[in-house]
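Student: Top line first, the protein sequences correspond to chains A and B.
Every position in the first sequence, counted from 1, becomes a number in the working numbering once 82 is added.
Every position in the second sequence, counted from 1, becomes a number in the working numbering once 13 is added.
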Amino acid sequence: MVCSDYREIFSAYIDEVLNEQEKQELEAHLKSCPTCRQELAELEYTVSLVRNLGEVSAPVGLVPTVIERLERENKQGFNWQAWGLGKIASVAGILLVAAGIGFVSLAGSGVGLHSYAGASKSAEMAKADIAMDQQTTNEELMERSEQSFVAEQNAMNMADGAAPEAAQPKAKILAGTVAKERKVIKRASLNLEVPDVNATYNKLIQEAEKLGGFVESSSLNNETLPDGRIIPSSGTMVLRVPSSSFAGLLNFSEGAGKVLFKEMSGQDVSTEFYDTETRIENYKQQEARLREILTQAKNVDEILKVEAQLQRVRSEVEVMEGRIRELSNLTDLGTLTVNLVKAQAGGKIETLAAGSLVERTRVAFVVSVNELLKDLGDLVVGTGRIMPQLLVAVVIAAIGYLGYRVTRKG
Amino acid sequence: MLIAEAELIEKSKAGDLQAFSDLVSNYQHKVYTIAFRFMGNEADAMDLAQEALLKLYKNIHKFKGECSFTTWIYHVTANSCRDELRKRQRTKVVSLQETFEGEKAMGKEPASERGIPHLELEKNEAQANLQKLLNTLPEEQRLIIVLRELQGLSYEEIAAIMECSLGTVKSRLSRARHNLRNLLLQEQLLFSEEVATAR
Numbered sequence: 083m084v085c086s087d088y089r090e091i092f093s094a095y096i097d098e099v100l101n102e103q104e105k106q107e108l109e110a111h112l113k114s115c116p117t118c119r120q121e122l123a124e125l126e127y128t129v130s131l132v133r134n135l136g137e138v139s140a141p142v143g144l145v146p147t148v149i150e151r152l153e154r155e156n157k158q159g160f161n162w163q164a165w166g167l168g169k170i171a172s173v174a175g176i177l178l179v180a181a182g183i184g185f186v187s188l189a190g191s192g193v194g195l196h197s198y199a200g201a202s203k204s205a206e207m208a209k210a211d212i213a214m215d216q217q218t219t220n221e222e223l224m225e226r227s228e229q230s231f232v233a234e235q236n237a238m239n240m241a242d243g244a245a246p247e248a249a250q251p252k253a254k255i256l257a258g259t260v261a262k263e264r265k266v267i268k269r270a271s272l273n274l275e276v277p278d279v280n281a282t283y284n285k286l287i288q289e290a291e292k293l294g295g296f297v298e299s300s301s302l303n304n305e306t307l308p309d310g311r312i313i314p315s316s317g318t319m320v321l322r323v324p325s326s327s328f329a330g331l332l333n334f335s336e337g338a339g340k341v342l343f344k345e346m347s348g349q350d351v352s353t354e355f356y357d358t359e360t361r362i363e364n365y366k367q368q369e370a371r372l373r374e375i376l377t378q379a380k381n382v383d384e385i386l387k388v389e390a391q392l393q394r395v396r397s398e399v400e401v402m403e404g405r406i407r408e409l410s411n412l413t414d415l416g417t418l419t420v421n422l423v424k425a426q427a428g429g430k431i432e433t434l435a436a437g438s439l440v441e442r443t444r445v446a447f448v449v450s451v452n453e454l455l456k457d458l459g460d461l462v463v464g465t466g467r468i469m470p471q472l473l474v475a476v477v478i479a480a481i482g483y484l485g486y487r488v489t490r491k492g
Numbered sequence: 014m015l016i017a018e019a020e021l022i023e024k025s026k027a028g029d030l031q032a033f034s035d036l037v038s039n040y041q042h043k044v045y046t047i048a049f050r051f052m053g054n055e056a057d058a059m060d061l062a063q064e065a066l067l068k069l070y071k072n073i074h075k076f077k078g079e080c081s082f083t084t085w086i087y088h089v090t091a092n093s094c095r096d097e098l099r100k101r102q103r104t105k106v107v108s109l110q111e112t113f114e115g116e117k118a119m120g121k122e123p124a125s126e127r128g129i130p131h132l133e134l135e136k137n138e139a140q141a142n143l144q145k146l147l148n149t150l151p152e153e154q155r156l157i158i159v160l161r162e163l164q165g166l167s168y169e170e171i172a173a174i175m176e177c178s179l180g181t182v183k184s185r186l187s188r189a190r191h192n193l194r195n196l197l198l199q200e201q202l203l204f205s206e207e208v209a210t211a212r
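#1: Got a sec: is the Cβ-Cβ distance from A:Ser-93 to anything in chain B below 9 Å?
#2: What are the residues in the stretch 87-106 of chain B lying within 7 Å of chain A by C-beta distance?
#3: Would A:Ala-140 count as contacting chain B if we go by Cβ distances under 9 Å?
#4: Express the C-alpha separation of A:Asn-273 and A:Glu-305 in angstroms, rounding to a whole number.
#5: Take every Cβ of the stretch 376-396 of chain A, pair it with every Cβ of the stretch 280-287 of chain A, and state whether three or more of those distances are shorter than 8 Å.
#6: Hey, B:His-42 and A:Ala-140 are a contact pair by Cβ (cut 8 Å); roughly how many whole angstroms apart?
#7: Can you confirm whether the stretch 71-87 of chain B touches the stretch 51-59 of chain B when touching is taken to mean that 3 or more C-beta pairs between the two stretches lie within less than 8 Å?
#8: So with CB distances below 8 Å, who are the chain A contacts of B:Leu-66?
#9: With three or more C-beta pairs closer than 8 Å as the rule, is the stretch 167-184 of chain B touching the stretch 84-101 of chain B?
#10: Cβ of A:Arg-264 within 9 Å of Cβ of A:Asp-350?
#11: When the Cα atoms are used, what is the spatial distance from A:Glu-374 to A:Glu-400?
#12: Hey, is the stretch 315-335 of chain A in contact with the stretch 292-307 of chain A, meaning 3+ C-beta pairs nearer than 8 Å?
#13: Could you confirm whether any beta carbon from chain A is found closer than 9 Å to the beta carbon of B:Gly-28?
#14: Return the residues of the stretch 286-301 of chain A that lie within a Cβ-Cβ distance of less than 7 Å from chain B, sorted by chain order.
#15: For B:Lys-26, count neighbouring Cβ atoms within 10 angstroms of its own Cβ and tell me buried if that reaches 16, exposed if not.
#16: Helix, strand or coil for A:Asp-350 per DSSP?
#17: From A:Leu-472 to A:Gly-485, what does the alpha carbon distance come to, in whole angstroms?
#18: Just list the alpha helix (DSSP H) runs in the stretch 101-185 of chain A, keeping only unbroken ones of 4 residues or longer that don't cross its boundaries, in chain order.
#19: A:Glu-121 and A:Arg-89 look like a contact to me (Cβ under 8 Å); what is the Cβ gap, rounded to whole Å?
#20: Using three-state DSSP, classify A:Ser-267 as helix, strand or coil.
#21: Mind pulling the chain A residues with CB within less than 7 Å of B:Ala-62?
#22: Below 8 Å on the Cβ atoms is my contact criterion, and I expect A:Leu-144 with B:Met-59 to pass it. Report the Cβ-Cβ distance as a whole number of Å.
#23: My understanding is that B:Gln-154 touches B:Arg-50, with C-beta atoms under 8 Å, so please give their C-beta distance in whole angstroms.
#24: Counting only runs of 3+ residues fully inside the stretch 403-486 of chain A, write out the beta strand (DSSP E) ranges in chain order.
#25: Starting from the Cα of B:Leu-150, find the closest Cα among B:Glu-162, B:Ala-17 and B:Leu-193 and give me that residue.
#26: For a quick check, are the C-beta atoms of A:Ile-267 and A:Leu-409 less than 9 Å apart?
#27: Return the chain-ordered list of same chain residues with a C-beta closer than 8 Å to the C-beta of A:Ala-338, the five sequence neighbours on each side being excluded.
#28: Could you pull the start and end residues of the beta strand (DSSP E) that A:Val-296 belongs to?
#29: Within 9 Å (strictly less), CB to CB, does B:Lys-43 reach chain A?
#30: Closest Cβ-Cβ distance between B:Leu-2 and chain A: below 9 Å?
#31: I need the boundaries of the alpha helix (DSSP H) containing B:Val-182, first residue and last residue.
#32: Note down, in chain order, every chain B residue with its Cβ under 9 Å from the Cβ of A:Glu-263.
#33: Below 8 Å on the Cβ atoms is my guess for A:Val-279 versus A:Ser-315; work out the distance and round it to an integer in Å.
#34: Could you compute how far the alpha carbon of A:Asn-421 sits from the alpha carbon of A:Arg-269?
#35: Quick one: list the residues of chain B neighbouring A:Leu-152, beta-carbon separation under 8 Å, in chain order.
#36: Quick check on A:Tyr-365: buried or exposed, where buried means 16 or more other Cβ atoms within 10 Å of its Cβ?
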């Protein structure tokens, strides 16, 4: 090997990836070749220089900028890639199966479905919910819309010349500062099938109270079991919890039983709320001005006129403050209505159609016999009914016959 | 892979942006270092790093755990580097002079204004000079230098990331190092005396 050959393996030698034989050959050559020694040294030094460059710290805004871009892209359209076509296909598949099951169960069972009216639809919804990330869905729906609201506020405020607030996804900024809190009336309704109505009832109340809420109203229907016990078979409860915990309570409740029906709504009353606040402010200013005018009133006539105005303004304010209180109550606390129904034994929906052939035959026979007896009974009754008329007819016939006999004899 | 990281990955696959943010925060310096040493200046590095992270998110569903997550991140970043350079070569030729001026204008203030000690200033200048030399290397060589010297990856890992054979890695790395050495000699940044005493 000549020097140029050895130079080619310097790099590998530095990284210690040469095999034992190559390594020994090289070291032997180096002992006798100062040029190669020099060049190897320079190469080693080059490597150390580059290695000392070290890591470069990423600018602080790098990750947030990326996340911001992704959020914007998410808002513009459904993010297929994040979902993955495989997942979408499986969700669609589950929905189809659920729809199929729903149709079959509707066709198969007879009467008694009226209380499970939304069965197939809710089965779809329940299955779709299981397929998706439940927590993310409920909260994301509310948070994403909150985000855009804050962004809107910022845009509006920037036009007003106020300082823009950095749009934090979970920020709730108090009214009175630059961006305002969104006022949403959150409502939801759940129909749950549960094995033990009483237990679930208590569980939900406990959770609501734990989250800082309360039970606005509730009712339970009881039934008597064959062994004489009286237990709740169905019930309704209206729970109020702080808006921020609403999604949490909803998720908890959904997990407490089999969801037969679910409905959610968020009514945005921000405009009305803040408008009303502003109008109250205006009216209060009017009131102050009127009171000033009152102090300068010269005669009773003027005083009465001003008082009339004051009265009008005050009653307007009262009405509006009442509305604000009402809206605050509705928006500060979300409303969750839960209908509980006891699962039938075996968890299946019972139908009036009896199962086995023998049973059905027996039932049919009994029904038939009953009908026969009823007919016979009707006959007896009918006979009894025409008895008087029959009697009269017999009497008339007898008289006629006797008359005839008399006529013939004479 | 840590259990916590595995969870973050799963959540990111499901579209949880907060989880993704937490996940990549641990790797952002590595990504940025590669981007910076490869592109040679801050602005381009920021662009490239962002592209790399976006690509990471969009392709995360493809990560099945067959290799380590770190390797996978390097893979995506290296691809982004190559893509970026190919894009630029198509649009215009980047003048090396521009790169030098750009770097001088950006963040390298004179010592008198920042009050940094003499040695620190020298170090920064030396680093800037070295970066300039790196910028003159062909892209594949530059990339391999960054992955080997700065990220400390093994030959096998580099082969996986750059999708080439081990032999290619060896020869490319050797050529890259020799090139740098020659450049340093030319710029007289490599003094024989220094080297002799350092040994």
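The beta-carbon is built from N, C-alpha and C at its ideal position, and this holds for glycine as well.
Keep in mind that this is a model prediction, so the values were computed, not measured.
Tutor: In short, the structure shows the following:
#1: Translated into positions along the first sequence, residue 93 of chain A becomes position 11. So yes, A:Ser-93 belongs to the interface.
#2: none
#3: Here residue 140 of chain A refers to the residue found at position 58 when the first sequence is read from its first residue. Cβ-Cβ to chain B under 9 Å: yes for A:Ala-140.
#4: Taking the first sequence and counting its residues from 1, one reaches residue 305 of chain A at position 223. Taking the first sequence and counting its residues from 1, one reaches residue 273 of chain A at position 191. Near 19 Å, if we compare the C-alpha coordinates of A:Asn-273 and A:Glu-305.
#5: no
#6: By one-based count along the second sequence, residue 42 of chain B stands at place 29. By one-based count along the first sequence, residue 140 of chain A stands at place 58. Confirmed, Cβ separation roughly 5 Å.
#7: no
#8: Along the second sequence, one-based indexing puts residue 66 of chain B at 53. Correct list: Leu-144, Val-145 and Val-148.
#9: yes
#10: To locate residue 264 of chain A, count along the first sequence from 1; it is residue 182. To locate residue 350 of chain A, count along the first sequence from 1; it is residue 268. Cβ distance < 9 Å, so A:Arg-264 and A:Asp-350 count as in contact.
#11: Here residue 374 of chain A is taken as the residue at index 292 of the first sequence, counted from 1. Here residue 400 of chain A is taken as the residue at index 318 of the first sequence, counted from 1. Taking the straight line joining both Cα atoms gives about 21 Å.
#12: yes
#13: For this step, residue 28 of chain B is matched to residue 15 along the second sequence. Yes, B:Gly-28 lies at the interface with chain A (some Cβ there is under 9 Å from its Cβ).
#14: none
#15: Counted from its first residue, the second sequence places residue 26 of chain B at position 13. Classification of B:Lys-26: buried, given that the 10 Å Cβ count is 16 or more.
#16: Against the first sequence, residue 350 of chain A aligns to sequence position 268. Three-state result, A:Asp-350: strand.
#17: On the first sequence, residue 472 of chain A is found 390 positions in, with the first residue counted as 1. On the first sequence, residue 485 of chain A is found 403 positions in, with the first residue counted as 1. Roughly 20 Å between the two C-alpha positions.
#18: 102-114, 116-133, 144-158 and 162-165
#19: Mapped onto the first sequence, residue 121 of chain A falls at position 39. Mapped onto the first sequence, residue 89 of chain A falls at position 7. Right, their Cβ atoms sit about 6 Å apart.
#20: Counting from one through the first sequence, the residue named residue 267 of chain A turns up at place 185. The sequence shown places Ile at residue 267 of chain A, not Ser. Of the three classes helix, strand and coil, the one that applies to A:Ile-267 here is strand, per DSSP.
#21: Locating residue 62 of chain B in the second sequence gives position 49, counting from the first residue. Ordered by position in chain A, the residues that pass the 7 Å Cβ test against B:Ala-62 are Ala-140 and Leu-144.
#22: Position 62 of the first sequence holds residue 144 of chain A. Position 46 of the second sequence holds residue 59 of chain B. That pair is a contact at about 7 Å.
#23: Walking along the second sequence from the start, residue 154 of chain B turns up at place 141. Walking along the second sequence from the start, residue 50 of chain B turns up at place 37. Rounded, the Cβ-Cβ distance is 12 Å, inconsistent with contact.
#24: 415-424
#25: Within the second sequence, residue 150 of chain B is the residue found at index 137, counting from 1. Considering only alpha carbons, the answer is B:Leu-193.
#26: As a first step, residue 267 of chain A is located in the first sequence; it is residue number 185 there, counting from the start. As a first step, residue 409 of chain A is located in the first sequence; it is residue number 327 there, counting from the start. Yes, they are a contact pair.
#27: Along the first sequence, one-based indexing puts residue 338 of chain A at 256. Counting only Cβ-Cβ distances below 8 Å, and skipping sequence neighbours, we find Leu-274, Val-276, Thr-282, Lys-285 and Leu-286.
#28: Taking the first residue of the first sequence as 1, we reach residue 296 of chain A at position 214. Looking at the sequence itself, residue 296 of chain A is Phe, so the reference to Val does not match. Its beta strand (DSSP E) spans residues 296-306.
#29: Here residue 43 of chain B refers to the residue found at position 30 of the second sequence. At least one chain A Cβ lies under 9 Å of B:Lys-43.
#30: The displayed coordinates of chain B run from 14 to 212. Any statement about residue 2 of chain B would go beyond what the structure contains.
#31: As a first step, residue 182 of chain B must be located in the second sequence, where it is residue number 169. Segment 179-199, the alpha helix (DSSP H) holding B:Val-182.
#32: Within the first sequence, residue 263 of chain A is the residue found at index 181, counting from 1. Result: empty, since nearest Cβ-Cβ is about 21 Å, beyond 9 Å.
#33: Within the first sequence, residue 279 of chain A is the residue found at index 197, counting from 1. Within the first sequence, residue 315 of chain A is the residue found at index 233, counting from 1. Between A:Ser-315 and A:Val-279 the Cβ distance is about 6 Å, and since that is below 8 Å, they are a contact.
#34: In the first sequence, the residue the question calls residue 421 of chain A occupies position 339. In the first sequence, the residue the question calls residue 269 of chain A occupies position 187. So the two alpha carbons sit approximately 14 Å from each other.
#35: Counting from one through the first sequence, the residue named residue 152 of chain A turns up at place 70. The contacting residues are Leu-30, Phe-33, Leu-67 and Tyr-70.
#36: Along the first sequence, one-based indexing puts residue 365 of chain A at 283. Its Cβ being crowded by 16 or more others within 10 Å, A:Tyr-365 is buried.
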